[in-house]
Amino acid sequence: MKALLGTKIGMTQIIGEDGRVTPITLIQAGPVTVTQVKTVETDGYNAVQVAYGEGKNLSKAV
């Protein structure tokens, strides 16, 4: 699976050489942090959990 994590900034458009207009979504992609790796042995499936953006102020330790 291919994915891009980010925040939508807005929309724009580009005009191709043939004159066709294509709508474009502008995304601000930032660094992500891997927060958890799940494996078949421990969780029953494979997955990677990632975090994007600034952390929230938590009242307890994570």
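Under the numbering used here, the first residue of the sequence shown carries the number 4, and numbering increases by one thereafter.
C-beta atoms are modelled at their ideal positions from N, C-alpha and C, and glycine is treated no differently.
- Contact between Leu7 and Ile27 is absent: CB atoms are separated by about 14 angstroms, not below the 8 angstroms threshold.
- Thr45 sits in a helix when the DSSP states are folded into three classes.
- Cβ contact annotation for Val53 (same chain, cutoff 8 angstroms, sequence separation greater than five): Leu8, Val35, Thr36, Val37 and Thr38, in chain order.
- Selection Glu20, Thr25 and Lys5 evaluated against Met14 yields Thr25 as nearest (Cα-Cα).
- Taken through DSSP and simplified to helix, strand or coil, Ala32 comes out as strand.
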